[in-house]
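A.B. asks:
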Amino acid sequence: MLNKIILVDDNAATNFIHKKFLEKAQGSREVVSFQMGQNAIDYLSDCDNTIPELLFVDINMPTMDAWEFLEHFKTIERPEKDKAKIILLTTSLSPQDEIKITERTEVENVMTKPLDVASIQGVLKRYFPLLSR
Amino acid sequence: MEKLIQKQPLASRWIHQLPSSSVLLDNNLNLIDASTTWFKTFGFDRSKTIGKPFLKLFARFDESWQDSFDYALEGLNDIQIIDTHIGENGAEQDFIWNINPWKDGYGKSIGVILNVKDVSEKTALEIELKNTQKLLKEKGAIAKIGSWEYNVNNQKMYWSKELKEIFQIDHLEAASYKKSVAFFKKGHDRNTITTLFHTALEMGKPWNKNLKLTTKKGDTIWVNTIGRPKFKNGKCVRIIGTIQNINDSYSPEISTPAKNEVSQDSWAAFENLPIGVVKIDFRSGEVLNLNNEILNVLGFQKHMLLNRNIAKFLWFSEDEQKQWYKSILINKAFNGLEKQVFFEDLDQKLVFRFNGTLLPDNSLLVSCENITSYQNKEGQIKAELDLANAELDRLTHFTHMVSHNLKAHATNQDLLLNFLSDEKNEAERKNLLTILFKSSENLTSSIKGLRELVTIRHKINEQKVPVLLNDIIYRTLENNNGLVKQHGVKIHNEVSEKFTVRAVPVYLENIVSSLLVNAIKFKNSNKQPVVFVSTQVVDDYYIFSIEDNGIGIDLNKKGDKIFQLYKTLQNMDSSSGMGLYLAKYQIELMGGKITVDSTLDKGSIFRVYLPI
């Protein structure tokens, strides 16, 4: 089980659903969700909050989309943030997004949402192999 | 003949009164009657002419006339015959005879109607000698064209006034075949015309040739001679033709050595080609000859270019020179060299395509076509294609967003309902229900927005009408009254009562509404929101601007995104709908555009341009 997972999706229902599944999959002790990218950045910049091991970020968001979020994330002056794994979420991949993803090395993967218990367990197994042991 | 008139009383009455020169013939081609003008023109006594066989009235009417009348009787319309009438005094007049069938009320041919137009000599020749048409048109105003006619039976020659002027002889001088030939320069030219004349006479071969002629005053000039044999019963009965003074535009002797008669001869073929042709010495680049068309295109006089280096008036880059030089060495020709040339006098860029062939005498024959219009058309088609592709991109984007958006809502609701059915905890169930309601609202507003978009795509041809902008603004404010009050927005409407734009009212309302909602939605939480609405007329556009003091937009980062669909689609709070995407789309449909100026923390100005 991870210590902290952060969810960023402008759709409250999606966040709610993911939270539920993360609980069921016993993915993380703590799940923090944000509907706006800026709020997530503010949270992560605050040294009082520990950096999560994993972030799920929706690509299409109105005020700050995932690409902008990644730009802001890069500038956060906390070296430990680089250990965090970032997975982007989308309902379907637009052609432009596909191109962008290949250019982004900091992104581990892109997954279609909504996630479910199996896919969450798959992520944990793949990116955090030591945990399952 | 009195009988005839009685038989066709109506017809004869109107034909006689016609102001035009018209003739009515019966089925047997006997003259029923004609207009007063016609009798006068051809010098006939009406009472002595009516009822006579028409073809016998004019000695010059051959079997081709009979044929034409037969065709007309069979129902063929608009047959034209060009005819030269030589009056008693030797004066020549040209006529076009329009031959049409005359039908009774049941569509049956009962005769022929002739309409005669007196035409100037030039017009007649234009039609008669179609091959020289272009030349005549171009040079019509200044062309000195003389015409002649030779009657084979009585061996009589006829010269027009203009021809006599070309020969520089007195108007009263009598014409003859012998004299005609004698005007051509002794030797090659005279031999040529004699041969041509006899070939035409015996074999019916027409000619078109440039030859040298020595006038009575001793001037040697270049003329273009054309001859056409005319046949009757398989025998050549006459030869008609023209002689045109082309000395000003055609003078090959300057550039071509006398011994080179053959190539000079072939040059004549290029002279009046509608494609520009220039002959260049391959080694020196010296211009040896140019035809009329290239002079027209380049806007130079022949003497300005002849014997000068080609580089003086057509500049080619080193690469271009290498390109065709190489091609010539290998293939003895080059093809499709395209070049843009800027003409200062015309303030115009023209595009030429050059093709060249190396001749055995080491001269380069280059054709030059003005392909500017093709190139423009190509550009036009490309622009249209770009437009279509942009629309296709938009549609792809649109479809993508629709599936994306609806899928997200649908799967969410599905999952939430599953949770709900499994949940035992009352408080959590309540929480789930709240989220479900919210999600359902989002879905409804998404679908509403998508429906609007689809409707627009269907109703692209909505009519633009004059709309009072203020009417729209008031209505929008009314509809958004709640939002305005809730945020305490101050609206400054500076639009004059009479300001009218041409727009589709429904679109305009949505545009104003979207911009207003946008201005309020992105208000600066530290300031009272203020929105200015104002108008301007600049060039061909009505402009109305909506300015706010909101949080502003970082245009460097988001400039290209604010009008995109997904930016607004996902965040359906309250009335935003498709927001700016829709507004932009509607503005573009009405032929307008939208721009945005913005400063972070200061506010934004959206300007809507609608064509006047």
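Protein sequence lines correspond, in order, to chains F and B. In terms of the numbering used here, the first sequence has 241 at position 116, counting the first letter as 1, and numbering is strictly consecutive. In terms of the numbering used here, the second sequence has 649 at position 296, counting the first letter as 1, and numbering is strictly consecutive. Backbone N, C-alpha and C fix where the C-beta goes; we use that ideal spot for every residue, glycine too.
#1: Beta carbons nearer than 9 Å to chain F: which residues of the region 671-693 of chain B have them?
#2: Helix, strand or coil for residue 606 (chain B), going by three-state DSSP, please let me know.
#3: Here's the rule: buried if 16 or more other CB atoms are within 10 angstroms of the residue's CB, otherwise exposed. What is residue 620 (chain B)?
#4: Let me make sure I understand the geometry here. Which of B:394, B:533 and B:695 has the alpha-carbon closest to that of residue 471 (chain B)?
#5: Just curious, the beta strand (DSSP E) that residue 898 (chain B) is in, first and last residue?
#6: As a quick exercise: from B:416, B:455 and B:409, pick the residue whose alpha carbon is nearest that of residue 431 (chain B).
#7: Mind checking whether residue 204 (chain F) and residue 142 (chain F) have CB atoms under 7 Å apart?
#8: Please list, in chain order, the chain B residues whose beta carbon lies closer than 8 Å to that of residue 142 (chain F).
#9: Note down the Cα distance separating residue 888 (chain B) from residue 159 (chain F), rounded to an integer number of angstroms.
#10: Taking buried to mean at least 16 other C-beta atoms within 10 Å of its own C-beta, is residue 677 (chain B) buried or exposed?
#11: Determine the closest residue to residue 556 (chain B) out of B:575, B:588 and B:535, with distance taken between C-alpha atoms.
#12: Is residue 177 (chain F) close to chain A, meaning its C-beta is less than 7 Å from at least one C-beta of that chain?
#13: Please name the residue, chosen from B:536, B:383, B:660 and B:598, that lies closest to residue 569 (chain B) on a Cα-to-Cα basis.
#14: Using a Cβ cut-off of 7 Å (strictly closer), state whether residue 191 (chain F) contacts chain B.
#15: Leaving out five residues before and five after residue 187 (chain F) in sequence, what residues of the same chain have Cβ atoms less than 7 Å from its Cβ?
#16: Where in the region 151-186 of chain F do unbroken runs of the alpha helix (DSSP H), each at least 4 residues long, occur, reported from the N-terminal end onward?
#17: Say whether the region 902-909 of chain B touches the region 945-965 of chain B, bearing in mind that this needs 3 or more beta-carbon pairs closer than 8 Å, one atom from each stretch.
#18: Is there a Cβ from chain B that is less than 7 Å from the Cβ of residue 200 (chain F)?
#19: In the structure shown, what three-state DSSP assignment does residue 668 (chain B) receive?
#20: Check whether the Cβ of residue 906 (chain B) lies closer than 7 Å to any Cβ atom in chain F.
#21: The ligand SAM and residue 710 (chain B): does any heavy atom of the ligand fall closer than 6 Å to the residue's C-beta?
#22: Are the region 384-404 of chain B and the region 419-436 of chain B touching, with three or more C-beta to C-beta distances below 8 Å?
#23: Of all the CB atoms in chain F, is at least one closer than 7 Å to the CB of residue 761 (chain B)?
#24: According to DSSP, is residue 873 (chain B) part of a helix, a strand, or is it coil?
#25: Please state the DSSP three-state secondary structure of residue 216 (chain F).
#26: Just checking: is the beta-carbon of residue 957 (chain B) within a distance shorter than 7 Å of some beta-carbon in chain F?
#27: With 7 Å set as the bound, which would you pick, yes or no: does the beta-carbon of residue 139 (chain F) sit closer than that to a beta-carbon of chain B?
#28: Per DSSP, residue 853 (chain B) is paired with what?
#29: Mind checking whether residue 822 (chain B) and residue 842 (chain B) have CB atoms under 7 Å apart?
#30: For the alpha helix (DSSP H) that residue 520 (chain B) lies in, which residues bound it at each end?
#31: Can you tell me whether DSSP reads residue 568 (chain B) as helix, strand or coil?
#32: Report the three-state DSSP secondary structure of residue 943 (chain B) (helix, strand or coil).
#33: With a Cβ-Cβ cutoff of 7 Å, do residue 865 (chain B) and residue 896 (chain B) count as a contact?
#34: Taking the CB atoms as reference points, tell me whether residue 833 (chain B) and residue 886 (chain B) lie closer together than 7 Å.
#35: Under the three-state reduction of DSSP, which class applies to residue 130 (chain F): helix, strand or coil?
#36: Determine the DSSP secondary structure at residue 405 (chain B), reduced to helix, strand or coil.
C.D. replies: The structure says:
#1: none
#2: To locate residue 606 (chain B), count along the second sequence from 1; it is residue 253. For residue 606 (chain B), the predicted model reports a pLDDT of 44, less than 50, meaning its position is unreliable; a value from the coordinates is still stated below. Helix at residue 606 (chain B).
#3: Translated into the one-based positions of the second sequence, residue 620 (chain B) becomes position 267. Classification of residue 620 (chain B): buried, given that the 10 Å Cβ count is 16 or more.
#4: Sequence index remark: in the second sequence, residue 471 (chain B) carries index 118 (1-based). Comparing Cα-Cα distances from residue 471 (chain B) to each of B:394, B:533 and B:695, the minimum goes to B:394.
#5: Taking the second sequence and counting its residues from 1, one reaches residue 898 (chain B) at position 545. Segment 894-901, the beta strand (DSSP E) holding residue 898 (chain B).
#6: Translated into positions along the second sequence, residue 431 (chain B) becomes position 78. When each option's Cα is compared against that of residue 431 (chain B), the closest is B:455.
#7: Translated into the one-based positions of the first sequence, residue 204 (chain F) becomes position 79. Translated into the one-based positions of the first sequence, residue 142 (chain F) becomes position 17. No, the pair does not count as a contact, with Cβ atoms beyond the cut-off.
#8: Translated into positions along the first sequence, residue 142 (chain F) becomes position 17. Near residue 142 (chain F) (Cβ distances below 8 Å), the residues of chain B are 765, 768, 769 and 772.
#9: On the second sequence, position 535 is the one that residue 888 (chain B) refers to. On the first sequence, position 34 is the one that residue 159 (chain F) refers to. So the alpha carbons of these two residues sit roughly 41 Å apart.
#10: Working through the second sequence from its first residue, we reach residue 677 (chain B) at position 324. Around the Cβ of residue 677 (chain B), a 10 Å sphere holds 16 or more other Cβ atoms; the residue is buried.
#11: Start at 1 with the first residue of the second sequence, and residue 556 (chain B) comes out as number 203. Out of B:575, B:588 and B:535, B:588 has the C-alpha closest to the C-alpha of residue 556 (chain B).
#12: Given the protein chain composition of this structure (F and B), no chain A is represented.
#13: Sequence index remark: in the second sequence, residue 569 (chain B) carries index 216 (1-based). In this structure, B:536 is the residue among B:536, B:383, B:660 and B:598 with its C-alpha nearest to the C-alpha of residue 569 (chain B).
#14: The sequence position of residue 191 (chain F) within the first sequence is 66, counting from 1. Answer no: the Cβ-Cβ gap between residue 191 (chain F) and chain B never drops below 7 Å.
#15: On the first sequence, position 62 is the one that residue 187 (chain F) refers to. Cβ neighbours of residue 187 (chain F) beyond the five flanking positions: 135.
#16: 162-170
#17: Because the criterion of three Cβ pairs below 8 Å is met, the region 902-909 of chain B and the region 945-965 of chain B touch.
#18: Position 75 of the first sequence, counted from the first residue, corresponds to residue 200 (chain F). No, residue 200 (chain F) does not count as interfacial toward chain B.
#19: Position 315 of the second sequence, counting from 1, holds the residue named residue 668 (chain B). Residue 668 (chain B) falls in the coil class under three-state DSSP.
#20: For the purposes of this step, residue 906 (chain B) is identified with residue 553 of the second sequence, where counting begins at 1. Taking 7 Å as the threshold, the shortest C-beta distance from residue 906 (chain B) to chain F does not fall below it.
#21: Although the ligand SAM was asked about, the structure shown includes no ligands whatsoever.
#22: no
#23: For the purposes of this step, residue 761 (chain B) is identified with residue 408 of the second sequence, where counting begins at 1. At a cut-off of 7 Å between beta-carbon atoms, residue 761 (chain B) makes contact with chain F.
#24: Mapped onto the second sequence, residue 873 (chain B) falls at position 520. Residue 873 (chain B): helix per DSSP, three-state reduction.
#25: For this step, residue 216 (chain F) is matched to residue 91 along the first sequence. The answer is coil: DSSP assigns residue 216 (chain F) none of H, G, I, E or B.
#26: As a first step, residue 957 (chain B) is located in the second sequence; it is residue number 604 there, counting from the start. No, its Cβ sits nowhere closer than 7 Å to a Cβ of chain F.
#27: The residue you call residue 139 (chain F) lines up with position 14 of the first sequence. Yes, because at least one Cβ of chain B sits closer than 7 Å to the Cβ of residue 139 (chain F).
#28: The residue labelled residue 853 (chain B) in the question sits at position 500 within the second sequence. In the DSSP assignment, the residues bridged to residue 853 (chain B) are B:821.
#29: Along the second sequence, read from residue 1 onward, the residue named residue 822 (chain B) stands at position 469. Along the second sequence, read from residue 1 onward, the residue named residue 842 (chain B) stands at position 489. No; because the gap between Cβ atoms is not below 7 Å, this pair is not in contact.
#30: Residue mapping note: residue 520 (chain B) aligns to position 167 of the second sequence, counting from 1. Element bounds for residue 520 (chain B): 514-520.
#31: As a working mapping, residue 568 (chain B) is identified with position 215 in the second sequence. Three-state result, residue 568 (chain B): coil.
#32: Taking the first residue of the second sequence as position 1, residue 943 (chain B) is located at position 590. If DSSP states are grouped into helix, strand and coil, residue 943 (chain B) belongs with coil.
#33: As a first step, residue 865 (chain B) is located in the second sequence; it is residue number 512 there, counting from the start. As a first step, residue 896 (chain B) is located in the second sequence; it is residue number 543 there, counting from the start. Cβ distance not < 7 Å, so residue 865 (chain B) and residue 896 (chain B) don't count as in contact.
#34: Residue 833 (chain B) sits at position 480 when you count from the first residue of the second sequence. Residue 886 (chain B) sits at position 533 when you count from the first residue of the second sequence. It is not a contact, given that the beta carbons lie outside the stated cut-off.
#35: If you number the first sequence from 1, residue 130 (chain F) lands on position 5. Strand at residue 130 (chain F).
#36: Numbered from its first residue, the second sequence carries residue 405 (chain B) at position 52. Here residue 405 (chain B) sits in coil by DSSP.
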